[in-house]
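Colleague: Chains as they are written, first to last, in this note's numbering: chain A, 1 to 138; chain B, 139 to 276. For each residue, glycine too, the CB sits at the ideal point set by N, CA and C. Right, I'll just put the structure down here and ask away after.
Protein chains: 2
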Amino acid sequence: MEASVILKMNACRVTQHRLDVLNYFMQSKIALTQGDLEDKFKNKIDRVSLYRMLHSFSEKKILCKLVDSKGTLSYVFDKHSLDNKDHFHPHYKCKSCNDVIELPELPESYMKQLKKLNIDELNILVEGTCDECQNKNE
Amino acid sequence: MEASVILKMNACRVTQHRLDVLNYFMQSKIALTQGDLEDKFKNKIDRVSLYRMLHSFSEKKILCKLVDSKGTLSYVFDKHSLDNKDHFHPHYKCKSCNDVIELPELPESYMKQLKKLNIDELNILVEGTCDECQNKNE
DNA sequence: TTACTTATGCAACATTGTTGCGTTTATTTT
DNA sequence: AAAATAAACGCAACAATGTTGCATAAGTAA
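Given below as structure tokens:
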């Protein structure tokens with residue numbers, strides 16, 4: 001799916017900056033922070049524009065927002081951004097390479113319990129060092 | 139359990155500041171941020187000292203660190219700080235009053251799956267508006 | 001093309017995180 | 001009880017990030 005199509009489907013204006021940013025996310029396996037983008041688009045896109053893009057993209061679920069144990073926000077392209085917007089996946093993020101993988105959904109029985117509460121946000125992030133990085137450091 | 143005892147058991151020096159902060163946590167039902175403490179102890183305890191206390195207390199599991207969906211860190215006194223340091227509870231935090239309740243542990247079958255990965259941190263925070271706050275606004 | 005709306009860049013400021021260092025204080029050792 | 005040791009503290013300073021307002025530029029619709 002092309003970046004411009006995704007933007008249009010989400011009622012976003014299609015600008016060069018947005019295409020650049022979204023394409024960058026689409027080809028990146030790892031979770032990116034605002035800082036990563038600032039480096040990548042240094043002297044090209046303003047810090048505040050990036051900040052606002054990240055907000056609107058994650059609000060529209062084009063990107064998935066992750067919060068790690070230090071409170072750092074990072075974002076990954078959400079492959080499910082087009083279809084099923086409501087389903088929920090926990091994520092695993094490698095502390096070393098920032099690679100993100102999707103984990104299986106929580107058991108339905110457990111989710112049922114949770115849904116008795118009024119839920120706006122459900123944040124699950126598992127952090128550790130992935131096998132690949134573990135092997136590198138041995 | 140008294141605050142001073144908890145500090146001693148965790149190899150922390152017992153100072154007045156630490157007693158004040160820990161006692162404040164022990165009598166608070168809600169999750170507190172660094173900012174909350176800065177207000178509470180304005181002109182009494184330095185910002186950096188609070189920052190360092192929060193770090194060492196949560197490292198020693200005297201406090202439990204929560205990260206919300208905006209990346210804001212908050213802390214609650216961990217009732218289990220003395221016994222069972224390894225067990226893990228997800229938390230529910232009310233976005234309105236910051237009240238925190240413990241949720242049941244994840245099903246063991248699911249945890250088993252997770253433990254195949256190298257896990258350092260497991261962050262689960264459910265956010266929403268608690269019943270009490272919901273009723274207030276009606 | 002014009003009108004309308006959204007996105008952008010810039011400035012400015014708030015909040016929080018973080019480190020170093022000299023001083024003070026709690027604890028341990030003598 | 002006094003001296004030695006190690007930890008905690010306050011202050012200064014700076015980095016990173018979050019946040020808003022506003023004027024300008026650019027995309028989209030009529």
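Check whether the Cβ atoms of B:Leu175 and B:Leu201 lie closer than 9 Å to each other.
Modeller: Position 37 of the second sequence, counted from the start, is the residue given in the question as residue 175 of chain B. Position 63 of the second sequence, counted from the start, is the residue given in the question as residue 201 of chain B. Against a cut-off of 9 Å, the Cβ pair of B:Leu201 and B:Leu175 comes out as no contact.
Colleague: Which chain B residues are close to A:Asn118, counting only those with a beta carbon under 8 Å from its beta carbon?
Modeller: As a working note, residue 118 of chain A is residue 118 in the first sequence. Chain B residues near A:Asn118: Gly266, Thr267, Cys268, Asp269, Gln272.
Colleague: Name the DSSP bridge partner or partners of A:His91?
Modeller: To locate residue 91 of chain A, count along the first sequence from 1; it is residue 91. DSSP lists A:Glu102, A:Leu125 as partners of A:His91.
Colleague: Please confirm whether A:Tyr24 has its beta-carbon closer than 9 Å to some beta-carbon of chain B.
Modeller: Position 24 of the first sequence, counting from 1, holds the residue named residue 24 of chain A. Chain B contact via Cβ: absent.
Colleague: Does B:Val126 come out as helix, strand or coil in the three-state DSSP assignment?
Modeller: Here chain B comprises residues numbered 139 to 276, so residue 126 of chain B is not present and cannot be evaluated.
Colleague: Distance, Cα to Cα, A:Lys93 vs A:Glu102?
Modeller: As a position in the first sequence, residue 93 of chain A is number 93, starting the count at 1. As a position in the first sequence, residue 102 of chain A is number 102, starting the count at 1. The straight-line gap from Cα to Cα measures roughly 9 Å.
Colleague: Using 10 angstroms around the beta-carbon of B:Ile144, count the other beta-carbons present and answer buried if the total reaches 16, otherwise exposed.
Modeller: Position 6 of the second sequence, counted from the first residue, corresponds to residue 144 of chain B. So B:Ile144 ends up on the buried side.
Colleague: Could you have a look at B:Ser234 and say whether DSSP puts it in helix, strand or coil?
Modeller: Residue numbering aside, residue 234 of chain B sits at position 96 when the second sequence is read from its first letter. If DSSP states are grouped into helix, strand and coil, B:Ser234 belongs with coil.
Colleague: Going along chain A in order, which residues have a C-beta closer than 8 Å to the C-beta of B:Lys198?
Modeller: Taking the second sequence and counting its residues from 1, the one referred to as residue 198 of chain B is at position 60. Simply none; closest approach about 16 Å.
Colleague: Report buried or exposed for A:Glu127, applying the criterion of at least 16 other Cβ atoms within 10 angstroms of its Cβ.
Modeller: Numbered from its first residue, the first sequence carries residue 127 of chain A at position 127. Answer is buried; the Cβ neighbour count reaches 16.
Colleague: Which value, in whole angstroms, describes the spacing of the CA atoms of A:Gly111 and B:Asn148?
Modeller: The residue given as residue 111 of chain A occupies position 111 in the first sequence. The residue given as residue 148 of chain B occupies position 10 in the second sequence. The question names Gly, but residue 111 of chain A in the sequence shown is Met. Each residue's Cα considered, the two are about 36 Å apart.
Colleague: Using three-state DSSP, classify A:Ser58 as helix, strand or coil.
Modeller: In the first sequence, residue 58 of chain A corresponds to position 58, counting from 1. Note: A:Ser58 maps to helix in three-state DSSP.
Colleague: When DSSP labels each residue in this structure, what does A:Ser4 get in the three-state scheme?
Modeller: Within the first sequence, residue 4 of chain A is the residue found at index 4, counting from 1. A:Ser4 falls in the helix class under three-state DSSP.
Colleague: So what's A:Phe25 in DSSP terms, helix, strand or just coil?
Modeller: Start at 1 with the first residue of the first sequence, and residue 25 of chain A comes out as number 25. In this structure, A:Phe25 counts as helix in the three-state DSSP scheme.
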